[in-house]
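Novice:
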Amino acid sequence: MSTNEHPKTLFEKIWNQHIVVAEPNNPTVLYIDLHLVHEVTSPQAFTGLREKGLKVRHPDKTMATMDHGIPTTPLDIPISDELVIKQINQLEKNCQEFGIPLHGLTSAYRGIVHVIGPELGLTQPGMTVVCGDSHTSTHGAFGTLAFGIGTSEVEHVLATQCLLQTKPKTYAVRVEGTLSLGVSAKDIILNLISRIGIGGGTGHVFEYMGSTIRGLSMEERMTVCNMSIEGGARAGMIAPDETTFEYIKERPLAPKGEAWNAAVEAWRKLPTDDGAVFDQEITIDANTLEPMITYGTNPGMGMKITDTIPDPDSIKEVSERQTLVKALQYMGLRPGQPLLGQPIDVVFLGSCTNSRISDLRVAANLIKGRKVANTVRFMVVPGSQQVKLQAEAEGLDKIFKEAGAEWREAGCSMCIAMNGDQLQPGQYAVSTSNRNFEGRQGKGGRTFLASPLTATATAIVGKIADVRTMF
Amino acid sequence: MEKFATLTATMVAIPTENIDTDQIIPARFLKVTDKAGLGDNLFCDWRYNADGTPNPDFVLNTTQGKKAKILLAGDNFGCGSSREHAPWAIMGYGFQAVISTSFADIFCNNSLKLGLLPIAVDKETHLQLLSLLEEEPATQITIELQNQAVVLPDGRKVTFPIDNFSKTCILKGVDQLGYLQSHAAAIEVYEANHADRVNTLA
Ligand code: SF4
Chain A
1 MSTNEHPKTL FEKIWNQHIV VAEPNNPTVL YIDLHLVHEV TSPQAFTGLR
51 EKGLKVRHPD KTMATMDHGI PTTPLDIPIS DELVIKQINQ LEKNCQEFGI
101 PLHGLTSAYR GIVHVIGPEL GLTQPGMTVV CGDSHTSTHG AFGTLAFGIG
151 TSEVEHVLAT QCLLQTKPKT YAVRVEGTLS LGVSAKDIIL NLISRIGIGG
201 GTGHVFEYMG STIRGLSMEE RMTVCNMSIE GGARAGMIAP DETTFEYIKE
251 RPLAPKGEAW NAAVEAWRKL PTDDGAVFDQ EITIDANTLE PMITYGTNPG
301 MGMKITDTIP DPDSIKEVSE RQTLVKALQY MGLRPGQPLL GQPIDVVFLG
351 SCTNSRISDL RVAANLIKGR KVANTVRFMV VPGSQQVKLQ AEAEGLDKIF
401 KEAGAEWREA GCSMCIAMNG DQLQPGQYAV STSNRNFEGR QGKGGRTFLA
451 SPLTATATAI VGKIADVRTM F
Chain B
472 MEKFATLTAT MVAIPTENID TDQIIPARFL KVTDKAGLGD NLFCDWRYNA
522 DGTPNPDFVL NTTQGKKAKI LLAGDNFGCG SSREHAPWAI MGYGFQAVIS
572 TSFADIFCNN SLKLGLLPIA VDKETHLQLL SLLEEEPATQ ITIELQNQAV
622 VLPDGRKVTF PIDNFSKTCI LKGVDQLGYL QSHAAAIEVY EANHADRVNT
672 LA
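First to last, the sequence lines map onto chains A and B.
Take the working numbering: the final residue in the first sequence is number 471, and no numbers are missing along the way.
Take the working numbering: the final residue in the second sequence is number 673, and no numbers are missing along the way.
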């Protein structure tokens, strides 16, 4: 930074580097480096291109996979859902016609779109990344500006490699201190959202910073950035550092040789300058964090696992109070009730929040030599085929199976319940995914969001459990 | 996109806060390759009983609910997933505008691209609209896009924010893609000046 320039945030640097046109009174035309595509939010965009006689401007900056609707049963079992088959066929046809690389059903690199982007080395610092999926914020862990878009915008990016954007505000989330045993990255983000609410970050981009964040692995950073959208933020990002470079190096599509050195040199200039100003700030003391769990029907309704459910009568604001009453009604829970000891029917370990190899390792480590409670269905769904292969190479699949868990193929699975993996009405689940909305994991299903450690502890006990009592 | 200038219509209220896109259109209806028919499943799990019959208590199933063109919703409407199926379903049902005290970012973006007006009003106006509806379910209000105003039955005008660009596009009924395409030359210059950061075909 030269002395006459004002100090900039990571966000501002990436934003500025991607401005194609900035006319007063109009949104900025922003260049997009990487566009990820999946089967559910893209068909209508390709139809739009066809109707207008347009091509995909940069198939070489676009990559597709199928993850939302595909079954997680073994590949040799044919797909039975006609609509899913149609969507998959449509994506194959679209990718072929427009020349887009596709990691289809048989690809060893297939998986949840936000797991495979980083895994392939496609997600790199300083880039703009978009996908027709709100959890694109996951990629921000690499110091990218990454955000979810709608299908009209998918069409815009396919056609022009650009997007129209109004500049969001910035929000610094400082996390300082040391996490206690049993407390993880998931608990940091659930804590943040419980404090600011699910609309707290609306119009902003989070930058997570501070000693705790610096100490997280890339996979843990992805867990944090993943749920930025649950705090209402457009995106969440973390400045790239040695941890970032170490993760990307040698990945299949990462720069190699001289190009690698040049890339790292550029990436080192990205972190927020000293003295840069954010529009909002919050600080979280990691030393005081405990395992978190949600009790309601949005991710902001979260508490320490040892707490009791809040009483709607203690809330002054009418609409907020009604929201909580409605949520507790749906969840079948009472004010003042503790959640520890709450019986659970299903535990889901998976989703783009927590289905990477490190998540599976901590879970396997905890369940090794123990059994899943016989009242519980414990589903383990790796985030990608690569994660699955790695886990199998380490023997994690055996540990899960011996304990009585289901070991499944990669995909979104019960995070969104589009593929047949779903809760039955009234069932309770502890899930490592990111959304506990009504019906999200199956019509009438009731979800508690928690970390992989809490989820696994719960699978063993059969009731919501405090993992700290189990080490 | 259809042109939108003014709309005088009745409203229907679903004042719940934080209505997420999974409620607007549950994920099991996303297994489509076009936009047709989504309106039939708008708010599906609130609107229909387990056996598929309409839930008579849900406001969209009332006579007023069936003809309303304006949805009056609670704070932070449209949070959650980026699915454009949400505004498609809302428009498919026949709504042309949603009034709330705030909207989630992606929902707002998606709606503006389609010409569905997300109208953010202050809390007081929101409450006033709710009580007007309670008193008289057939209350009509007028939305004037050019003036960025909601006209209440007593003549009071409440302005709402909308970015100039989206406003112009919706007034003219033009797709935003056209604007991006008009900058083809600038995009080429940008690409010439910036090395590719990624190559998925590598
Ligand atoms: S795992 Fe869940 S949140 Fe992630 S992309 Fe799939 S459906 Fe979306």
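For every residue, glycine included, the Cβ atom is placed at its ideal position computed from N, Cα and C.
All values derive from a computational prediction rather than experimental measurement.
Quick one: grab the DSSP three-state call for A:Lys-368.
Specialist: Looking at A:Lys-368 - three-state DSSP - the assignment turns out to be coil, as it is neither helix nor strand.
Novice: Do B:Ala-568 and B:Leu-583 have their CB atoms nearer than 9 angstroms?
Specialist: No; because the gap between Cβ atoms is not below 9 angstroms, this pair is not in contact.
Novice: Would you verify that the beta carbon of A:Met-303 is, or is not, closer than 9 angstroms to some beta carbon of chain B?
Specialist: Cβ-Cβ to chain B under 9 angstroms: no for A:Met-303.
Novice: Quick check on DSSP: helix, strand or coil for B:Ser-552?
Specialist: If DSSP states are grouped into helix, strand and coil, B:Ser-552 belongs with coil.
Novice: Is the closest heavy atom of the ligand SF4 to the C-beta of A:His-18 under 8 angstroms?
Specialist: False, no ligand heavy atom lies under 8 angstroms from that Cβ.
Novice: Work out the CA separation of A:Arg-370 and A:Gly-150 for me, nearest whole Å.
Specialist: The alpha-carbon atoms of A:Gly-150 and A:Arg-370 are separated by roughly 44 angstroms.
Novice: At what residue ranges does the stretch 305–331 of chain A contain a whole run of the alpha helix (DSSP H), taking only runs of 4 or more?
Specialist: Qualifying alpha helix (DSSP H) stretches, in chain order: 318–331.
Novice: What residues in its chain sit with their C-beta under 8 angstroms from that of A:Met-418, if we drop five residues either side in the sequence?
Specialist: Around A:Met-418: Val-40, His-68, Gly-69, Val-84, Cys-412.
Novice: Which ranges would you report for the beta strand (DSSP E) in the stretch 140–221 of chain A if only whole runs of at least 3 residues count?
Specialist: Whole beta strand (DSSP E) segments, 3+ residues: 145–148, 162–165, 169–176, 204–209.
Novice: List the residues of chain D that A:Tyr-247 touches, going by C-beta distances under 8 angstroms, in chain order.
Specialist: Here the protein chains are A and B, and chain D is not one of them.
Novice: Should B:Asn-618 be labelled buried (16 or more other beta-carbon atoms within 10 Å of its own) or exposed?
Specialist: Counting Cβ neighbours within 10 Å, B:Asn-618 comes out exposed, since fewer than 16 surround it.
Novice: With respect to 8 angstroms, is the separation between the Cβ of A:Ser-433 and the closest non-hydrogen atom of the ligand SF4 below this value?
Specialist: Correct: A:Ser-433 has its Cβ closer than 8 angstroms to the ligand SF4.
Novice: Quick one: using the 10 Å Cβ neighbour count with 16 as the cut-off for buried, is A:Met-1 buried or exposed?
Specialist: Residue confidence for A:Met-1 is low, a pLDDT of 47 falling below 50, so the modelled location carries little weight; the figure read from the coordinates is stated next. So A:Met-1 ends up on the exposed side.
Novice: Between A:Ala-459, A:Leu-105, A:Ser-194, A:Lys-86, which has its C-alpha nearest A:Thr-65's C-alpha?
Specialist: Comparing Cα positions, the closest option is A:Leu-105.
Novice: Could you compute how far the alpha carbon of A:Val-277 sits from the alpha carbon of A:Thr-283?
Specialist: Spanning the two alpha carbons is a distance of roughly 15 angstroms.
Novice: What in chain B is Cβ-close to A:Ala-417, meaning under 8 angstroms?
Specialist: Near A:Ala-417 (Cβ distances below 8 angstroms), the residues of chain B are Ala-498, Arg-499.
Novice: Given that B:Pro-486 touches chain A, what residues does it touch there, using C-beta distances under 9 angstroms?
Specialist: Going along chain A in sequence order, the residues near B:Pro-486 (Cβ under 9 angstroms) are Ser-319, Gln-322.
Novice: Would you say A:Met-127 lies against chain B (beta-carbon separation less than 9 angstroms)?
Specialist: Answer yes: the Cβ-Cβ gap between A:Met-127 and chain B drops below 9 angstroms somewhere.
Novice: Please list the partners that A:Val-29 has in chain B, where partner means a Cβ-to-Cβ separation under 9 angstroms.
Specialist: Simply Tyr-650, Leu-651, His-654, Ala-657, Ile-658, Tyr-661.
Novice: I'd like to know whether the C-beta of B:Asp-493 is nearer than 9 angstroms to at least one C-beta of chain A.
Specialist: Judged by the 9 angstroms Cβ criterion, B:Asp-493 is in contact with chain A.
Novice: Assuming contact is defined by CB atoms lying nearer than 9 angstroms, are A:Thr-456 and A:Cys-415 in contact in what I supplied?
Specialist: Contact flag unset, no.
Novice: Which chain A residues sit within Cβ distance under 8 angstroms of B:Arg-668?
Specialist: The answer, in chain order, is Asp-33, Leu-34, Gln-124, Gly-126, Met-127.
Novice: Whose Cβ in chain A lies nearer than 8 angstroms to the Cβ of B:Thr-479?
Specialist: Within chain A, no residue comes near B:Thr-479; the closest Cβ sits about 27 angstroms away, beyond 8 angstroms.
Novice: Just list the residues that DSSP pairs A:Cys-131 with in beta bridges.
Specialist: Paired residue(s): A:Leu-36, A:Gly-148.
Novice: Where B:Thr-613 and B:Ala-476 are concerned, what is the direct C-alpha to C-alpha distance, given to the nearest angstrom?
Specialist: Computed Cα separation, rounded: 11 angstroms.
Novice: To the nearest angstrom, report how far apart A:Ile-79 and A:Asn-89 are at their CA atoms.
Specialist: Approximately 12 angstroms between the Cα atoms of the pair.
Novice: Just curious, the alpha helix (DSSP H) that A:Arg-377 is in, first and last residue?
Specialist: Premise fails: A:Arg-377 lies in the beta strand (DSSP E), 377–380, not in any alpha helix (DSSP H).
Novice: Can you have a look at A:Ala-364 and say buried or exposed, based on whether 16 or more other CB atoms are within 10 angstroms of its CB?
Specialist: The residue in question, A:Ala-364, is buried, as its Cβ has 16 or more Cβ neighbours within 10 Å.
Novice: Buried or exposed: which applies to A:Ala-459, given that a residue is buried once 16 or more other Cβ atoms fall within 10 Å of its Cβ?
Specialist: Buried, since its Cβ has 16 or more Cβ neighbours within 10 Å.
Novice: What does the alpha-carbon distance come out to for the pair B:Gln-494 and A:Arg-440?
Specialist: One C-alpha to the other measures close to 9 angstroms.
Novice: Quick check on this structure: which residue in A:Val-29, A:Pro-335, A:Ser-355, A:Ile-309 has the alpha carbon closest to the alpha carbon of A:Thr-138?
Specialist: The residue with the shortest Cα to Cα distance from A:Thr-138 is A:Ser-355.
Novice: Starting from B:Leu-588, follow the alpha helix (DSSP H) in both directions and report where the run begins and ends.
Specialist: Where B:Leu-588 is concerned, there is no enclosing alpha helix (DSSP H), although the beta strand (DSSP E) it sits in stretches over 588–591.
Novice: Can you find the residues in the same chain that come closer than 6 angstroms, C-beta to C-beta, to A:Thr-445, ignoring five residues on each side of it along the sequence?
Specialist: Looking at the sequence provided, one finds Gly at residue 445 of chain A rather than Thr. Only Leu-423, Gln-427 meet the Cβ criterion.
Novice: Should the stretch 651–665 of chain B be regarded as contacting the stretch 251–259 of chain A, the criterion being three or more beta carbon pairs within less than 8 angstroms?
Specialist: With the cut-off at 8 angstroms, the stretch 651–665 of chain B and the stretch 251–259 of chain A do not touch.
Novice: Within 10 angstroms of the Cβ of A:Thr-396, are there 16 or more other Cβ atoms? Answer buried if so, exposed if not.
Specialist: What sits at residue 396 of chain A in the sequence shown is Leu, not Thr. Looking at its Cβ environment, which holds 16 or more other Cβ atoms inside 10 Å, A:Leu-396 is buried.
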